[in-house]
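Number of protein chains: 2
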Amino acid sequence: MSKTKPHAASRVRDAAPLFAALGDETRLRLIARLSSGGPGSIAHLSAKSEVSRQAITKHLRVLSNAGLVSSIRRGRERVWDLEPERLADAHNYLNRISRQWDEALDRLKKLVEEE
Amino acid sequence: MSKTKPHAASRVRDAAPLFAALGDETRLRLIARLSSGGPGSIAHLSAKSEVSRQAITKHLRVLSNAGLVSSIRRGRERVWDLEPERLADAHNYLNRISRQWDEALDRLKKLVEEE
DNA sequence: ATTTAATGCAACCCAAGGGTTGCGTTTCCA
DNA sequence: TGGAAACGCAACCCTTGGGTTGCATTAAAT
Chain A
1 MSKTKPHAAS RVRDAAPLFA ALGDETRLRL IARLSSGGPG SIAHLSAKSE VSRQAITKHL
61 RVLSNAGLVS SIRRGRERVW DLEPERLADA HNYLNRISRQ WDEALDRLKK LVEEE
Chain B
1001 MSKTKPHAAS RVRDAAPLFA ALGDETRLRL IARLSSGGPG SIAHLSAKSE VSRQAITKHL
1061 RVLSNAGLVS SIRRGRERVW DLEPERLADA HNYLNRISRQ WDEALDRLKK LVEEE
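Have a look at this one:
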């Protein structure tokens, strides 16, 4: 494993679209659904949804473009599943921010103590 | 610390706007800037920005609505700073998803092994 | 008292996003 | 072989969102 991971969302440019993809209620529900219920077809995923099948298709495409899900064609249906690595990317980015955050708090604390 | 933290973005309904606020490059830069450089006024934060002061103001408002930053009026300027707990919320939510994710992978592995 | 710096507010522009409907295409199945 | 199921595609609608400009307001500075 090299110093710079290929899919590590280290830069803001990469992280923003990832969070944007997560920033929708329907898409988060889809992720939660895939996560707890396993892979599923579009019809299956949109069955208990408030929204139409095409809307779900669009959301899946957004998640796919963000690298969070992927799909394969099986017969006449398309089965979608999660792509674990990308979620780890978001996770890592938040870790990085959190670290800076803590350092900022530490500096602030030191400044206060020095007065 | 009780069982249910007051600001834990446990439900999708709460987490989505949080991620949406993080899903913009300019806003992520603002967060990174506040995180590494400490609190700053609008003029200060928009000084090295490609975008106008009003645009920055709008982004700060979005972050504020998401609970990620807060501001105080000091003289004729308004100073913005980070709100650590909300970022922890996003962090916790990703942790929760990751856990489900891993469980899903475990189940999949077992299914494969049983065949 | 004037000027200047820092913001707030409002109107406006345009592109993107979430949603829908309608119809065509492919595949299963009876 | 003739539906019916599952999906893809395209057009359209309306709202949201990011961005700008212009002007009013408040507070520091000289």
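The listed protein sequences derive, respectively, from chains A and B. Once you know that position 81 of the first sequence is 81 in the working numbering, the rest is easy, because the numbers rise by one and skip nothing. Counting from 1 along the second sequence, just add 1000 to a position and that's the residue number in the working numbering. The beta-carbon is built from N, C-alpha and C at its ideal position, and this holds for glycine as well.
Which chain B residues are close to residue i, counting only those with a beta carbon under 7 Å from its beta carbon?
| i | result |
| --- | --- |
| A/H91 | L1094, S1098 |
| A/I31 | I1097 |
Consider the Cβ of residue i: report whether some Cβ of chain B lies at a distance smaller than 7 Å.
| i | result |
| --- | --- |
| A/V12 | yes |
| A/L64 | What sits at residue 64 of chain A in the sequence shown is Ser, not Leu. Not closer than 7 Å to any Cβ of chain B, the Cβ of A/S64 fails to qualify, so no. |
| A/L22 | yes |
| A/F19 | yes |
Under 7 Å between C-beta atoms, does residue i make it to chain A?
| i | result |
| --- | --- |
| B/E1085 | no |
| B/E1025 | yes |
| B/W1080 | no |
| B/K1005 | Bear in mind that a pLDDT of 46 at B/K1005, under 50, signals an unreliable position, so the model cannot answer this. |
| B/E1115 | Confidence at B/E1115 is low in this model, with a pLDDT of 47, below 50, so its placement is unreliable and no value can be given for it. |
Which residues does DSSP list as the beta-bridge partners of residue i?
| i | result |
| --- | --- |
| A/G40 | A/W80 |
Using 8 Å for Cβ pairs, my map puts residue i next to residue j. What's the rounded Cβ distance?
| i | j | result |
| --- | --- | --- |
| A/S35 | B/W1101 | 5 Å |
| B/T1057 | B/I1042 | 6 Å |
| B/R1013 | A/E25 | 6 Å |
| B/A1066 | B/L1018 | 6 Å |
| B/L1060 | B/L1030 | 7 Å |
| A/N94 | B/L1087 | Correcting the residue identity first, residue 94 of chain A is Leu in this sequence and not Asn. Right, their Cβ atoms sit about 7 Å apart. |
| B/L1028 | A/A15 | 6 Å |
| B/W1080 | B/G1040 | 6 Å |
Can you pull the chain A neighbours of residue i, defined as C-beta to C-beta under 7 Å?
| i | result |
| --- | --- |
| B/A1015 | L28 |
### Inside the segment 44 to 94 of chain A only - alpha helix (DSSP H) runs reaching at least 4 residues
53 to 65
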